[in-house]
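Chains as they are written, first to last, in the numbering used here: chain D, 3 to 390; chain C, 33 to 174.
Virtual Cβ for every residue (Gly too), placed ideally from N, Cα, C.
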Amino acid sequence: MAVSSIAAQSIGILGYGETVYKKKSDSTLIALLADAARRALASAGLTKNDIDGIAVCSFELPPDNAVTLAEQFGISVSWAYLGTAGGAGPVASVINAIRAVEAGDAKTVLCLAADNYDVGGHFKLMDYFNKALINYGTPNGFGGANGLFGIIQRKHMETYGTRREDLGRIAVGQRASARLNENALLRGPLSIEDYMNARIIADPIRLYDCVLPCPGAEAVVVGALDRAPRGKAVKVLSGYERHNHPAGEIAPLRGGWELFRDRLWGDAGFGPADMQFVQAYDDYPIMVAIQLEDLGFCAKGEVSRFLAERTMQFDGSFPVNTNGGQLSCGQAGAAGGMIGLVEAVRQLRGEAGAFQTPGACRGVVSGYGMVGYGHGLSTSAVVLETAE
Amino acid sequence: MSSEKAPYPQPREDQDNAAFLRRWREDGKILLQKARGGKPFFYPRPMDPETWSTELEEVVAEGRGHVVSYSSIARPNDPAFNDETPIVLAEIALVEGATLLARIVGDNRDQVASGDAVEVPSAEIARRYPLPVFVLAEKSTA
């Protein structure tokens, strides 16, 4: 699914919102969603009554869904979307919301992502994530995503000579940004030595390769660009999603991004070198690295050297996940798939404050998720630009 | 600590996987499926994922293969595995061509390397586990 050239110039993101991130929950999932929604509407200069479309991504929401959330919120909608693509879902939901607005199915869509759990809740989630994992992962004591991504990281290291000290530059760079972000849960100093010598979780995955599961919510508002506060609209120049590529591989070193990369950049009219930042889904540094390869920032297998020559903090030579990302802010379940999108919009509106990337007017946001039998099945990406 | 070992979480048996689960449980054999002229696949499905053929043949795997990659898990999800760390979880390529995720068990499992030959242990050992496990073939200490 793509964003049309007409929509790219007229429909986009009007506002964003994010809850305060906490280590332990003191509210309900609905309360988190409502908090992010309220903040996003305020940022867009709109009110609840403007909303006529709703999209939500959340692992813990079922048996509720987008329609019952509309009931909770007391809004009547003509378009409702429930994400199914895990951490790739929120970016995909925005692509779908833009199409809904373009088609006239809705005028203003509230796109939400949230979860309300902690470390124990995350383990349970992974054990019962889907049929293949319940039957053929969990009975192996598979260690959740850590065990699976350890297999992928080792394969990447052994296939391409990828070095941990280069992957660690992602975690260290993001932490340097997070130190200036009051909403990041992990704000202590982090050096390459800390990263290299951290406790083993699922070798070669160590502690600072992993995210901290936490409660939280993220939201954006999609609608006609001319409805945004002056100077605050963000264009979605292009966007694609792809699921279950490559089919049939357990631990592939590539994902769906490689199939739509050329169209993503072609539709946008810009290439990787034109981006001032990358917000890539960071469940693990190895997956950020694979996204950089598949999106064309460097050739397949060359990401280690690419990272070694760059600095990833918000004001570095190659800003990645400029608010600290999930690795430093925490992973609020499915909201982990929207934290980069919200951060991109914040940057493009010039509202990132202490961690504002200088001159940010264009960037790419990449999604990844829905772990199946061995790896994430879903990928998505959008190219964003500050509207004139 | 308790001497009673917590039971492993079990696969949910249904029509798609009953024959596979039973064959492992009873004989320590890995039962694969394949469409006529097709390639054996794992995990069990009601149809060949490549051709969508529902006319599937059963292939009893030899129980030999090699390690493609692996992780060595210090922190398993389910507490039933806490006394067995590290859990070595590997992508195994069987000689029949199918790949699967499986544990490598045995006291020498920490000597595993990618490329190592592996084989299914005796039925007596295999029976302790709900899903196929392997031991290192050349480094086996039994």
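*Backbone secondary structure at D:K237 - three-state DSSP*: strand
*When we look at the beta-carbon of C:S172 and count the other beta-carbons within 10 Å, is it buried (16 or more) or exposed?*
Residue placement at C:S172 is flagged as unreliable, the pLDDT there being 49, under the threshold of 50; a coordinate-derived value is accordingly withheld.
*What are the start and end residues of the beta strand (DSSP E) that includes D:I252?*
Careful: D:I252 lies outside any beta strand (DSSP E) and carries neither H nor E.
*Simplified DSSP state of D:G145, which is helix, strand or coil*: coil
_Partner residues on chain C for D:R156, Cβ-Cβ distance less than 8 angstroms_ = S101, Y102, S103, S146
*asked:* Against chain C, with Cβ distances strictly below 9 angstroms, would D:N118 count as a contact?
replied: no
*Buried or exposed: which applies to C:A174, given that a residue is buried once 16 or more other Cβ atoms fall within 10 Å of its Cβ?*
Reliability of the predicted coordinates at C:A174 is poor, the pLDDT of 45 falling under 50, and the value obtained from them is presented with this limitation in mind. The residue is exposed, with fewer than 16 neighbouring Cβ atoms inside 10 Å.
*For a contact meaning CB atoms closer than 8 angstroms, what does D:N148 contact in chain C?*
S103, I105, R107
*Quick one, which of C:F73, C:E116, C:R44 has its alpha-carbon nearest C:D142's?*
C:E116
*With D:E260 as the anchor, note down where its alpha helix (DSSP H) starts and where it stops.*
259-270
*asked:* Under 9 angstroms, Cβ to Cβ, is there at least one residue of chain C near D:M289?
replied: no
*Could you please tell me which residues of the region 34-48 of chain C, in chain order, have their CB closer than 7 angstroms to any CB of chain D?*
Y40, P41, Q42, P43, R44
*Can you find at least 3 beta carbon pairs, one from the region 283-295 of chain D and one from the region 34-53 of chain C, that sit closer than 8 angstroms?*
no
*What residues from chain C crowd round D:E160, counting only those whose CB sits closer than 8 angstroms?*
S101, S146
_Nearest neighbour of C:E170, chosen from C:P39, C:S103, C:V99, C:A112 [CA to CA]_ = C:V99
*Could you pull out every unbroken alpha helix (DSSP H) segment of at least 4 residues lying fully inside the region 117-159 of chain C, listed in chain order?*
155-158
*Under a Cβ-count criterion, where at least 16 other Cβ atoms within 10 Å of its own Cβ denotes burial, should D:I292 be classed as buried or exposed?*
buried
*Can you give the Cα-Cα distance for D:G326 and C:G70, rounded to whole angstroms?*
47 angstroms
*Counting contacts by CB-CB distance shorter than 9 angstroms, is C:T86 in contact with chain D?*
no
*Would you be able to state if there are at least three C-beta pairs under 8 angstroms between the region 129-138 of chain D and the region 177-192 of chain D?*
no
*asked:* Residues of chain E with CB closer than 7 angstroms to the CB of D:D196, please, in chain order.
replied: Judged by its chain identifiers, the structure shown contains no chain E, and its protein chains are D and C.
*If we cut at 9 angstroms on Cβ distances, does D:A134 have a partner in chain C?*
yes
_Which complete beta strand (DSSP E) runs does the region 82-169 of chain D hold, if anything under 3 residues is left out?_
111-117
_Between which residues of its own chain and D:H124 is the CB-CB distance below 6 angstroms, once the five residues before and five after are set aside?_
P215
*Under 9 angstroms between C-beta atoms of C:I124 and C:V150*: yes
*If we cut at 9 angstroms on Cβ distances, does D:F151 have a partner in chain C?*
yes
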